Amino acid sequence: MPDAIAPVAWLLAPVVALLFVALRLRRRLVYPHELLADRSGARPTALLLRTIRLYYDAAMDAACAVVVGLAIAGYPRPAADKGPAVVIDASASMLAGLRGDRPLDEAARLALTRYRLDEPGARRTRLFALGWDPARRRHVLTDRSDALEAARSPQELAAGLESSESFMSADYALLKDLARRGYGEIRLLTDDASVEGLGVEIVRLPAKPPRYLLLAKAAWDRGSGRSVARFVSAGGAEPDSLWRLGADGAATRAKPEDFEIRRSPSGFELALAIPGAWAVRWDGRLLPFIAPGQPEPLRARGTMAERVVAGLPRLVAGNTGVAGGAAGARPSGGWTGRGVEVADRGGAGRPGSLSVAEARDESWLLPPRLTLGALVASGLDRRADLALGPAAFASAEAATPFWLAWASSAAPDGRAAMAAASRPIRVGDGYLYPGEAVVTPPPGEYAPTGRRVVAAAGSPPERRVVVALALALLYCLKAWLGLRRRRGA
Amino acid sequence: MRLVDPECAAIAAAFSRRDLRARLPESIAAKDPMYRRSGSSYDLKSIREYQPFDDPRAIDWKLYGRSDRAFVKEFYDEADDEVAFLVDSSASLSCAPVEEYLSFVSSMAFILLSLGMSVRLWTFGSRLSEGYVAARSRGAHGSIAGALAAMRFEGRTACSRSFAQWRAGARQRRAFVFSDFHEPNPTFRSSGGLFLIRYRTPFSSLALPGTEAEVRDPETGAVVVAPWSGTDERAWAEAEAARDAALASIPRVFYRRLDPGTPRAPVYWDALERLYA
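Here's what the structure looks like:
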């Protein structure tokens, strides 16, 4: 606290000057001490209390000066230093490789041997896991110090973490919470080479060479009347087997007639006759995914909407007339899309709906994301998603937004899945939410994205409220004492 | 400096008009000198022949030489009509309202002299003065007033010791002690006829509330820093009240405390009432 001496001294100087003037102006009297002597304050505590009682004004000013001086010097410190914290990246990439040689095993070894301080008097190192909570479906930072204390070997610690964490993905922004809670020395054990620390010591673990098999896209193929899932693979990863997942997560081996597999330049494609939840096994790992079914036909509500939908017969008729035994297939086991309704009575941005409006003046363009980059004239009507006029209707690309909405309506509603509170079932690398969705680790957990990520410890929140409260308390006390003195107490 | 209050003559006259004879001490009340009590004054009461119960020291040996018979002289008792004034002249009295203090003493003496009593005045500081001033009539009040005017306040207060000194050799049966009684635990032993008059200046009239003052003791010269907040004033008032209560609780003692500006006439009258009770 030596840095606070200078500001406090400067602020105390006027208070001392006032006190000095008060002492100089002290009255000098001649009077017998006989009845005064017993209160002369022989004890230092009595002297101090007497001085404070007499010069309460100066005492309050001095206390305020000390508080302000400390605040200028940065006191009180944002939070009490709770000692070092070791954070283990509990993302899917930490499980890459063979057991015993994974980044998680190395992290457990470091946490247990290098960073756990067993010396008496040393501050206890806290262990945190930066992971993902499948029940709440959000990233979390959990305290696993009990596992660190209880572990007798790195293998035991790694096994404990493996059983308690989901190992999906990590959000490094949560590290700021540690600084706010008072942890000054933060170490992050991670295999992610793109992470840079800002106030956080990054301990890089040796990453494994990329070897993965990922779902790139799954959509209903109108041509074949099947659901097609496209996978990308690297490092020689090959699918071993295909499994069909039930609503309870039970896996049954897929029959050969249920799927077709084709190689592609980046991996392979699976054409599935039955939409729903499936899983691909590769290198002993299971990757769940959803094969969407045929989207619902467009529905129309309103005069203009009916005219628009009538101009899109293929989207209304769906897959009828297309050759293939799986025509009109629907996802089983509750895996159903939500469909799209075209309406012309406003309601822009409503889920499951695409509102249209007629525009005479088309001085704008439809958002390129709705037209796959095509230029389609548009009017301006804030109540509708699409304001279409003569120029738009004359363009064939104007059907693109309707096709995109129709095609995406085959997938389960992600927002509804987020709102639901169904219990997740662990399936291989991901989680299955029955009737809702499948969540798998993001692609960045399998292959480096090259995107730079900064893990910042952040600065703990300043405790200005404490200073303000202290000053308010002092001034209230001063006012109360002044009032009491004025009343002659 | 006016040493006698203007109302003193009226007080003495009013008090003398009362039926004092019935209230006066027995020796003063007797009209016939024969019935006045014998004592140790210089007023000769009678000469009679020595009786076995007489003190042999009272024999008039000159008369025995001339007449070859033992005679004893009897004198009137002088104690009853003489009052002792013990006036504090310590340095601490300089902090009291000195003029009022001296006026009170002088006025009290004036009233007593007007009522036919005699006054013998001692001063005391750390000890009783060896000399005294005596006045036997109102005309002699000047000597009392002169002694008071010439009094210098110095030394420490030792009223208990001074009173004990006086009591050891006193012939007077009544005494007035004028002091501020600024000494630790003042003690007085009295069989009656003791009047304690305390003069003081309240410290609250000198110090400013909520401040502190450097206070020099006039007797010791020591300086203390005395706080004077509400709490201190209460503590001081409690100590003063305890001092008053201790002095007032002495058996058979008349005690009054006078502050600056306190009306003195009621105190004179009360003292006289008590004196003639």
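Which chain is which? The protein sequence lines are A and B, in order. One point on numbering: in our numbering, the residue at position 357 of the first sequence is 355, and numbering is uninterrupted. Each number in our numbering corresponds to the 1-based position in the second sequence with 3 added. We put the CB at the ideal spot given by N, CA and C, even for glycine. Owing to the predicted nature of the structure, the values given are computational and were not obtained by experimental measurement.
query: Taking Cβ-Cβ distances below 7 Å as the criterion, which residues of the stretch 201 to 219 of chain B are in contact with chain A?; result: PHE206, LEU209, ALA210, LEU211, GLY213, THR214, GLU215, ALA216, GLU217, VAL218, ARG219
query: DSSP on PRO9 of chain B, reduced to helix/strand/coil?; result: coil
query: How would you call LEU467 of chain A, buried or exposed, if buried means at least 16 neighbouring beta carbons within 10 angstroms?; result: exposed
query: CA-CA distance, GLU255 of chain A and GLY234 of chain A?; result: 26 Å
query: So with Cβ pairs under 8 Å, would you call ARG26 of chain A a contact of chain B?; result: yes
query: Report yes if the C-beta distance between LEU110 of chain A and HIS137 of chain A is below 8 Å; otherwise report no.; result: no
query: I need the DSSP call for LYS206 of chain A, collapsed to helix, strand or coil.; result: coil
query: When we look at the beta-carbon of MET92 of chain A and count the other beta-carbons within 10 Å, is it buried (16 or more) or exposed?; result: buried
query: Tell me which residues share the same chain as SER112 of chain B and place their Cβ nearer than 6 Å to its Cβ, disregarding the 5 neighbours each side in the sequence.; result: Sequence check: residue 112 of chain B is Ala here, not Ser. Excluding positions up to five away in sequence, the list reads VAL122, ILE147.
query: Taking 8 Å as the threshold, find out whether the stretch 218 to 238 of chain B comes into contact with the stretch 257 to 270 of chain B through three or more Cβ pairs.; result: no
query: Residues of the stretch 160 to 175 of chain B in Cβ contact with chain A at a cutoff of 7 Å, in chain order, please.; result: none
query: Got a sec? Which residues, its chain only, sit under 7 Å from VAL230 of chain A by beta carbon, not counting five neighbours each side?; result: LEU212, ALA214, SER264, GLY265
query: Chain B partners of TYR113 of chain A, CB-CB under 8 Å?; result: None at all; the shortest Cβ gap to chain B is about 58 Å.
query: Just list the beta strand (DSSP E) runs in the stretch 71 to 149 of chain B, keeping only unbroken ones of 3 residues or longer that don't cross its boundaries, in chain order.; result: 74 to 79, 85 to 91, 121 to 127, 136 to 138
query: Flag this pair as yes or no: are the beta carbons of GLU32 of chain A and GLU241 of chain B separated by less than 8 Å?; result: no
query: Just to confirm the assignment: which complete alpha helix (DSSP H) runs, minimum length 4, are found wholly within the stretch 109 to 164 of chain A?; result: 143 to 148, 152 to 162
query: Can you give the Cα-Cα distance for ARG26 of chain B and LEU105 of chain B, rounded to whole angstroms?; result: The predicted position of ARG26 of chain B is uncertain, since its pLDDT is 48 and thus under 50; no value can be drawn from it.
query: With DSSP run on the structure shown, which of helix, strand or coil describes LYS65 of chain B?; result: helix
query: Just checking: is the beta-carbon of VAL122 of chain B within a distance shorter than 8 Å of some beta-carbon in chain A?; result: no
query: Strictly under 8 Å for the Cβ-Cβ distance: is SER95 of chain B near chain A by that measure?; result: yes
query: For LEU96 of chain B, count neighbouring Cβ atoms within 10 angstroms of its own Cβ and tell me buried if that reaches 16, exposed if not.; result: buried
query: Cα separation between VAL452 of chain A and VAL465 of chain A?; result: 32 Å
query: With DSSP as the reference, label MET166 of chain A as helix, strand or coil.; result: strand
query: Looking only at its chain, what residues have a beta carbon closer than 6 Å to the beta carbon of ARG228 of chain A, apart from the 5 residues adjacent to it on each side?; result: ALA214, LYS215, GLU267
query: What number of angstroms, rounded off, separates the C-alpha of SER89 of chain A from the C-alpha of GLY129 of chain A?; result: 6 Å
query: Curious, which full-length beta strand (DSSP E) runs of at least 3 residues does the stretch 144 to 222 of chain B contain?; result: 177 to 182, 197 to 202, 214 to 219
query: Going along chain B in order, which residues have a C-beta closer than 8 Å to the C-beta of LEU34 of chain A?; result: PHE206, VAL218, VAL227, ALA229, TRP239
query: Counting Cβ pairs, one atom from each stretch, are 3 or more of them under 8 Å apart for the stretch 129 to 138 of chain B and the stretch 155 to 173 of chain B?; result: yes
query: Alpha carbon to alpha carbon, what distance is there between GLY72 of chain A and TRP8 of chain A?; result: 16 Å
query: Name, please, each residue of chain A whose Cβ falls closer than 9 Å to the Cβ of HIS144 of chain B.; result: Here the premise fails: no neighbours, minimum Cβ distance about 31 Å.
query: Which partner residues of PHE257 of chain A appear in the DSSP bridge assignment?; result: A:LEU270
query: Hey, is PRO30 of chain A's beta-carbon within less than 8 Å of any beta-carbon in chain B?; result: yes
query: Per the DSSP calculation, ASP87 of chain A is bridged to which residue(s)?; result: A:LEU128
query: Mind checking ASP342 of chain A: buried by the 16 CB within 10 Å criterion, or exposed?; result: buried
query: Taking contact to mean at least 3 C-beta pairs separated by less than 8 Å, is the stretch 88 to 95 of chain B in contact with the stretch 241 to 254 of chain B?; result: no
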